[in-house]
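Participant: Residues 1 to 687 in full-length UniProt numbering are what the sequence shown spells out, letter by letter. Glycine residues also receive a C-beta, built at the ideal position from the N, C-alpha and C atoms. Bear in mind the structure is a predicted one, so any value in this text is a computation, not a measurement.
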Amino acid sequence: MASIMEGPLSKWTNVMKGWQYRWFVLDYNAGLLSYYTSKDKMMRGSRRGCVRLRGAVIGIDDEDDSTFTITVDQKTFHFQARDADEREKWIHALEGTILRHTLQLRVLNSTLVSICAYVSLFTRFVPSVQDFDKKLSEADAYLQILIDQLKIISYLLNSSAASLFQSMVESIKHCIVLLQIAKRPSTLPVGPVVTVMGSLQTPTPNSTGSGPSGPSSGVTSPALIPIPSHSVPDFSYSSSEDEFYDADEFYQSSTSPKHCIDPLGPSAASPLNNEQTALKRPNTTESLDSSMSNGTTDAELFDSHDDRDDDPEGESVEEHKSVIMHLLSQVRLGMDLTKVVLPTFILERRSLLEMYADFFAHPDLFVSIADQPEPRERMVQVVRWYLSAFHAGRKGSVAKKPYNPILGEVFYCHWDFPNDTETPPHAETVSEGPVPLCSANSVSFVAEQVSHHPPISAFYAECLSKKIQFNAHIWTKSKFLGMSIGVHNIGQGCVSCLEHDEHYIVTFPNGYGRSILTVPWVELGGECNISCSKSGYSANIVFHTKPFYGGKKHRVTAEIFPPNDKKSFCSIEGEWNGVMYAKGATGENTVFIDTKRIGIIKKKVRKLEDQLDYESRRLWRDVTMNLKLKDIDAATEAKHRLEEKQRAEARERKEKEQQWETRLFHEDGECWVYDEPLLKRLASQRQ
C-alpha cells in the first residue's frame with residue numbers, strides 16, 4: 001500500500017451547506033486523514049481539518065452505496081464518494097491504516113497492562129497524590145532514557161522498525177499528558193491539548209460538539225498557517241465552527257466515554273459457534289399432552305413471567321468496551337456475522353424463537369381480522385395488527401441480542417384474553433393444536449429452529465374459534481456496518497382467514513443495532529409489503545431509518561391500495577413504537593394505533609420443570625440464570641457447554657450419515673410450513 005493516498009470526497013458540513021467538496025490526503029504511516037478545501041490549498045499546506053485514525057471505526061449505510069462514516073474521538077464524520085467503487089477503494093485503504101495503528105496501540109496497551117500488574121503486585125498500599133507525582137516523574141525520566149537509547153541504535157533500525165518505535169514513543173508521551181490531565185482535571189485549563197514533550201508541538205484546534213472547547217485566543221487556525229503533513233494532533237478536528245460531525249450518540253448516557261486513548265484489550269476467548277443438535281424427532285404432541293394432562297390448573301401449568309422484567313434500564317457497554325473493540329478489529333465492513341459469536345454480556349435473556357412470539361403481543365388485534373365483514377376492512381385490520389407487532393419485541397431502550405437458537409430448539413406459548421371467562425378445563429380445548437389443553441378462544445404459538453446454516457426459524461400461530469392462522473419463516477443474515485450491525489430478515493409470513501379463504505402474504509423489515517460502542521439502540525428499516533391475491537387489496541409499508549443530519553427515529557409510513565388501483569385509500573404515518581395516524585379520503589387524521597396505550601397481553605409459557613429438554617427456556621436456563629446474576633463468566637461457560645454438546649451430536653450424526661429431521665415444520669418450496677395447521681385439520685374434519 002502506498003504511504004500516501006489522495007483524492008476528492010464530499011464531506012457533510014452542516015444542514016445549511018450540506019455536502020461540500022474537499023480534497024483528502026490519507027497518510028498511511030502517520031495514521032491521519034487530512035482534508036483541504038482544494039488541491040491547491042493542499043499544495044500550500046493549508047489544512048482544513050483532519051481525522052485521526054488510531055482506534056477509529058468505519059461505518060457504512062446498508063441502504064446507500066456511496067456514503068461512509070469514520071467514528072473517532074467521540075465524533076462521527078460523514079463522507080460521500082462518487083460511487084460504490086470509489087467508496088470501496090477509500091474504505092480498503094482506511095481499514096488498512098486503522099488496522100496498522102490499532103495493532104501498535106494494542107502492543108503498547110499490553111505493555112502498560114504488564115507494568116500496572118507489576119506495580120500492583122509490589123505496592124500494596126493506597127497511593128497518594130505525591131506518590132502519583134513521583135511515578136509520573138519516573139515515567140517521564142524513563143521516557144527520556146528510552147528516547148536517548150533509541151537515538152543511539154537508530155542507525156541499526158530499518159524504516160519500518162524506526163516508525164514503530166517512534167509511534168510507541170508518541171503514544172507514551174500522550175499517556176503521560178493524559179495522566180497529568182486526569183490528576184488535576186479542575187486546575188488544568190479547559191481547551192486544546194498541547195503536546196509539550198518532544199521536538200514537535202502541535203496545538204489541537206477547537207471543534208464543535210463533544211470536543212474540548214475554550215477561548216479562541218492562543219490557538220491559531222490551521223487554515224491560516226501551513227501544518228506539516230506528518231504532524232498528528234491529539235484529536236481529530238475541523239477548523240470550521242460550522243462543520244458537522246455526529247456527537248449526540250455519545251451523550252445518550254451519563255456513562256459516555258471521555259476523551260482518551262481507548263486501547264484494545266487482549267484477545268478474548270470467544271465461545272464457539274452453535275452447531276447442529278442430534279435430538280431426533282419425537283412425537284411432540286404426545287410429549288406435551290403427557291406433561292400437561294395431570295389435572296393441574298392453568299395457574300399451576302403456565303408462567304407469564306418475562307425474564308426481561310428484571311432488566312435494568314439505561315445500561316451501556318462502556319465497561320465491556322475493550323472486548324467489543326477487540327471483536328470489531330477482527331471483522332470487516334459488510335462481513336456476514338452469522339458465524340461470529342458476540343460476547344455473552346450483550347445477550348438478551350431469551351431465545352430468538354421467544355422474541356418472534358412478540359408478534360402476537362396484541363392477540364386481540366390479530367383475531368379481530370377475522371371479525372371484519374368486508375375485504376377492505378380485513379386488509380386495514382391486517383395492517384393494524386402488523387404495525388402493532390414490532391414495539392413489544394423491544395422492552396427496554398437498550399438493544400441486546402437474543403440467543404441464537406439451537407437446531408431443533410422449539411418454543412411454545414399461548415395468550416388468553418382477559419375477558420375470556422371460559423378457562424380450562426371447562427372451556428373447549430384444542431388437543432390437536434400447537435399447545436394442547438389451550439382454549440379454543442386462545443391464540444397458541446409454536447416456533448422451531450429448522451435450519452442452522454443458514455439460520456432459519458419457522459413459527460406458527462392460530463385461534464380455533466376465529467378460524468385464523470399465521471405461518472412464517474425468517475432467515476436472519478447479519479452484516480457488520482462499522483458502528484452498527486444490520487440484520488436482514490429474509491422470508492415471509494402468511495395470515496390465513498379460513499372463513500373467507502383469504503391469505504395475506506407479509507414481508508418483514510430489517511433491523512439495525514446502532515451505537516454499538518455506547519448505548520446500543522434498535523431501529524427498523526426497509527420496505528415491506530402485504531398483499532391478498534383473492535381480494536386484490538395490498539399495502540406498502542416503509543420503515544425509515546434515522547438520517548444522520550436530522551429527522552426522527554422509528555418513523556413508519558404506509559399506503560393501503562384497493563384492487564387494480566394505484567391510488568391509496570388510506571395513508572398511515574407515525575412511529576412504529578409510538579403513535580401512528582391514518583388519513584382517509586376525507587383528509588382527516590385519526591389515531592390508527594397508539595402502542596403506548598394499548599395494553600400488551602402477556603404470553604403464558606409452561607413452567608420450566610414441565611418443559612421438554614429442547615424447549616427454549618429450559619435449554620438456555622443456565623445461561624439465563626447467570627446473566628440474571630451478572631455472572632458473565634459462568635454464563636459464557638454455560639453457553640459454551642451447550643454449544644459443545646450440540647456440536648458433538650452433529651459430528652455423530654455426520655459419521656452415521658444421518659440427516660436432521662425437523663420436529664414440527666417441513667419445507668415446501670422456499671417456505672417452511674407447520675405440519676398440522678388449522679387449515680389442514682378443519683379440512684380433514686369435513687371429509
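Can you name the residues that DSSP bridges to R22?
Facilitator: For R22, which the question treats as bridged, DSSP gives the partners L9.
Participant: Note down, one range per segment and in chain order, each alpha helix (DSSP H) of at least 4 residues found wholly within the segment 541 to 594.
Facilitator: Complete alpha helix (DSSP H) runs here, min 4: none at all.
Participant: Enumerate in chain order the residues of its own chain whose CB-to-CB distance from H544 is below 6 Å, with the five nearest sequence positions on each side excluded.
Facilitator: Once the five neighbours on either side are set aside, the close Cβ partners of H544 are R555.
Participant: Pick helix, strand or coil for H488, following the three-state DSSP scheme.
Facilitator: The answer is strand: DSSP assigns H488 an E or B state.
Participant: Taking buried to mean at least 16 other C-beta atoms within 10 Å of its own C-beta, is R597 buried or exposed?
Facilitator: Answer is exposed; the Cβ neighbour count stays below 16.
Participant: If you check the beta carbons only, do P473 and A461 fall under 8 Å apart?
Facilitator: At residue 473 the sequence reads His, which differs from the Pro that was named. No.
Participant: Considering only residues of the same chain and omitting the five flanking positions on each side of Q20, which have a CB-CB separation below 7 Å?
Facilitator: Here the set comprises S10, K11, T13.
Participant: Go through the segment 418 to 459 residue by residue and report every complete run of the beta strand (DSSP E) that reaches 3 residues or more, in order.
Facilitator: Qualifying beta strand (DSSP E) stretches, in chain order: 443 to 451.
Participant: Need the endpoints of the beta strand (DSSP E) that S351 sits in, please.
Facilitator: From DSSP, the beta strand (DSSP E) with S351 extends over 347 to 351.
Participant: Three-state secondary structure (DSSP) at H362?
Facilitator: Three-state result, H362: coil.
Participant: With which residues is Y28 paired in a DSSP beta bridge?
Facilitator: Per DSSP, none; premise fails for Y28.
Participant: For N419, which of K400, S442, C438 has the nearest alpha-carbon?
Facilitator: Nearest C-alpha to N419: S442.
Participant: Does the pairing of the segment 68 to 77 with the segment 87 to 98 give three or more beta-carbon distances under 8 Å?
Facilitator: Because the criterion of three Cβ pairs below 8 Å is met, the segment 68 to 77 and the segment 87 to 98 touch.
Participant: When you compare only the Cα positions, how much space is there between L224 and L33?
Facilitator: Because the pLDDT at L224 is just 36, under 50, the model does not fix this residue reliably, and the value given afterwards should be weighed accordingly. Distance between the alpha carbons of L224 and L33 is about 19 Å.
Participant: Quick test of the definition: if touching needs 3 or more C-beta pairs under 8 Å, does the segment 527 to 542 touch the segment 495 to 503?
Facilitator: Yes, the segment 527 to 542 is in contact with the segment 495 to 503.
Participant: For Q659, count neighbouring Cβ atoms within 10 angstroms of its own Cβ and tell me buried if that reaches 16, exposed if not.
Facilitator: It is exposed - the Cβ of Q659 has fewer than 16 other Cβ atoms within 10 Å.
Participant: When you compare only the Cα positions, how much space is there between S571 and Y386?
Facilitator: So the two alpha carbons sit approximately 15 Å from each other.
Participant: Looking at the secondary structure, which residues open and close the beta strand (DSSP E) in which P402 lies?
Facilitator: It spans 401 to 403 - the beta strand (DSSP E) in which P402 sits, taken as one unbroken run.
Participant: Between the Cα of R388 and those of K607, I541, I153, K628, spot the shortest distance and give me the residue it belongs to.
Facilitator: Per the sequence shown, the amino acid found at residue 388 is Ser instead of Arg. Among K607, I541, I153, K628, the Cα nearest to that of S388 belongs to I541.
Participant: Residues in its own chain within less than 7 Å of G393 by CB, not counting five upstream and five downstream?
Facilitator: Only M355, D358 meet the Cβ criterion.
Participant: So the beta strand (DSSP E) D668 belongs to, where does it begin and stop?
Facilitator: Note, D668: beta strand (DSSP E), 665 to 668.
Participant: Compare the Cα-Cα distances from F508 to each of N564, R606, G491, I468 and report the closest residue.
Facilitator: Comparing Cα positions, the closest option is G491.
Participant: Cα separation between S431 and V382?
Facilitator: Looking at the two C-alpha atoms, the distance is approximately 27 Å.
Participant: Please confirm whether V519 and Y512 have their CB atoms less than 8 Å apart.
Facilitator: No; because the gap between Cβ atoms is not below 8 Å, this pair is not in contact.
Participant: Go through its chain and collect everything with a Cβ distance to Q469's Cβ below 6 Å, but skip five positions before and after it.
Facilitator: Same-chain partners within the cutoff: E462, S496, P677, L678.
Participant: On the three-state DSSP scale, how would you describe S368?
Facilitator: Three-state DSSP puts S368 in a helix.
Participant: Given that a residue counts as buried once 16 or more other Cβ atoms are within 10 Å of its Cβ, and exposed if not, what is N158?
Facilitator: N158 should be labelled exposed.
Participant: According to DSSP, is S217 part of a helix, a strand, or is it coil?
Facilitator: In this prediction, S217 scores a pLDDT of 33, lower than 50, which makes its location untrustworthy; the coordinate-derived value is nonetheless stated afterwards. Of the three classes helix, strand and coil, the one that applies to S217 here is coil, per DSSP.
Participant: When DSSP builds the beta bridges, which residues end up paired with A472?
Facilitator: Per DSSP, F459, G493.
Participant: Note down, in chain order, each residue of its chain lying with its Cβ closer than 6 Å to the Cβ of residue 694, except the 5 sequence neighbours on either side.
Facilitator: No statement about residue 694 is possible, as the shown extent of the chain runs from 1 to 687 and does not include it.
Participant: Among I456, I600, A634, W576, which one has its Cα closest to the Cα of V591?
Facilitator: Ranking the options by Cα distance to V591, first place goes to W576.
Participant: Assuming S684 is part of the alpha helix (DSSP H), what are its boundary residues?
Facilitator: Here the alpha helix (DSSP H) through S684 covers 678 to 686.
Participant: Can you tell which of L608, G31, G59 has its C-alpha closest to the C-alpha of R100?
Facilitator: Among L608, G31, G59, the Cα nearest to that of R100 is on G31.
Participant: Tell me, please, which residues DSSP counts as bridged to residue 721.
Facilitator: There is simply no residue 721 to check, as the chain begins at 1 and stops at 687 in what is shown.
Participant: Does the Cβ-Cβ distance between S98 and L26 come in under 8 Å?
Facilitator: As written in the sequence, residue 98 is Ile, which differs from the Ser given in the question. Not in contact: I98 and L26 (Cβ atoms no closer than 8 Å).
Participant: Between S171, L179, Y155, which lies nearest to K135 when the distance is taken from Cα to Cα?
Facilitator: Among S171, L179, Y155, the Cα nearest to that of K135 is on L179.
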